[in-house]
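These notes are about the structure you will find just below.
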Amino acid sequence: MNLRIEKIANVTLIVAQGRLDFSAAASFQAQIEQALAGAGGAGTAVVIDCEGLEYVSSAGLRVFLLAARNAQRAGLNFSVCALQNAVREVFELSGFSRVMAVHPDRAAALTAAAQKPA
Amino acid sequence: MQSRTSVPGEAAQLAALTRFLQDFCVTAELPSAAALPFEIALEEIFMNVVMHGSPAGRLARVDVSLALCDDDLTMAVVDDGPAFDPLSLPAPDVNAPLDARRVGGLGVYFVRQMMDAVSYTREGPRNQLRMSKRVIRAKAAPAGTKPG
């Protein structure tokens, strides 16, 4: 899987693409941790754009959980956006969509990030 | 239509198993949306065997078979590791707050939720997990013609 990081004002946008299975999870986690560390501290926002993410298993979901938790502890405003159907199903079944902010698309996530500082 | 493969129970085999499943689904002309729940189920069950199914010093052997009968796809994952029924795991608390969240048990929970039927049997020295689900075919080829 591929990961690209963009900075848009006070938002760190992580664009995830491909398959997030057990094999990809460790590298994904390391890159997310790096992105969180470089996000700019409390009050800034981190958005994971999942438009290109085709597949997430429980091993991949674990990375989202750790990221959301670490972001919360660091005072960052964390959200995910643009989930494909297969990924949305996994988020909904696991209840993750109830413990982290999920936006329909990138524009909505960026608007929310600008309006709601952590 | 049926197919079968066999791999050692090590994480590096996940990609080969996923490819085996994807190839089967392409040949069977199943839409990718129909294949995805099986990809997740295969990863979750196989990785359970990898993590817990190999006693020290010996890799478990894992056989995966697929059968498409009418509109039902059935997948069986059989391993020769220690007896373990993944369906005996307690369901995770999917309503816990962020701080109390754990991922353990989610994989098997996905399998139960995504499949129409799941069953475990211990047959001699082997664990057998069978999963099936109705799949919607991409489109039926007209009678008497071959695709492609």
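As they're listed, the protein sequences go chains A and B. The letter at position 31 of the first sequence is residue 119 when you use the numbering used here, and the numbering goes up by one with no holes. The letter at position 8 of the second sequence is residue 13 when you use the numbering used here, and the numbering goes up by one with no holes. C-beta: ideal position from N, C-alpha, C; glycine also.
Looking at A:Gln160: is its Cβ nearer than 8 Å to the Cβ of A:Phe152? It is not a contact, given that the beta carbons lie outside the stated cut-off.
Shorter than 8 Å from the beta carbon of B:Val108 to some beta carbon of chain A? yes
Within 8 Å (strictly less), CB to CB, does A:Gly183 reach chain B? Interface residue, yes.
Amino acids of chain A, ordered along the chain, whose beta-carbon sits closer than 8 Å to that of B:Ala16: Phe110, Ser111
Around the C-beta of B:Ser93, are 16 or more other C-beta atoms found within 10 angstroms, so that it is buried, or is it exposed? B:Ser93 is exposed by the Cβ-count criterion.
Select from A:Gly106, A:Gly128, A:Glu177 the residue whose C-alpha is nearest the C-alpha of A:Ala97. Scanning A:Gly106, A:Gly128, A:Glu177 for the CA closest to the CA of A:Ala97 turns up A:Gly128.
Contact with chain B by A:Val187, beta-carbon distance below 8 Å: yes
Give the secondary structure of B:Thr23 by DSSP, where H, G and I count as helix, E and B as strand, and everything else as coil. helix
Cβ-Cβ distance between B:Phe115 and A:Leu181 below 8 Å: Taking 8 Å as the Cβ cut-off, B:Phe115 and A:Leu181 qualify as a contacting pair.
A:Leu141 - containing beta strand (DSSP E), residue span: 133 to 144
Output yes if chain B places a C-beta closer than 8 Å to the C-beta of A:Ser146; else output no. yes
Just the chain B side, please: which residues come within less than 7 Å of A:Arg150 by C-beta, in chain order? Val108
Between A:Ala156 and chain E, is any beta-carbon pair separated by less than 8 Å? Among the protein chains in the structure shown, which are A and B, there is no chain E.
Check whether chain B comes within 8 Å of A:Val178, counting only Cβ atoms and requiring the distance to be less than that. A:Val178 counts as touching chain B.
Inter-stretch contact (C-beta, 8 Å, three-pair minimum) for the segment 85 to 102 of chain B and the segment 23 to 32 of chain B: Below 8 Å, too few C-beta pairs join the segment 85 to 102 of chain B and the segment 23 to 32 of chain B to call them touching: fewer than three.
Between which residues of its own chain and B:Gln18 is the CB-CB distance below 6 Å, once the five residues before and five after are set aside? Val12
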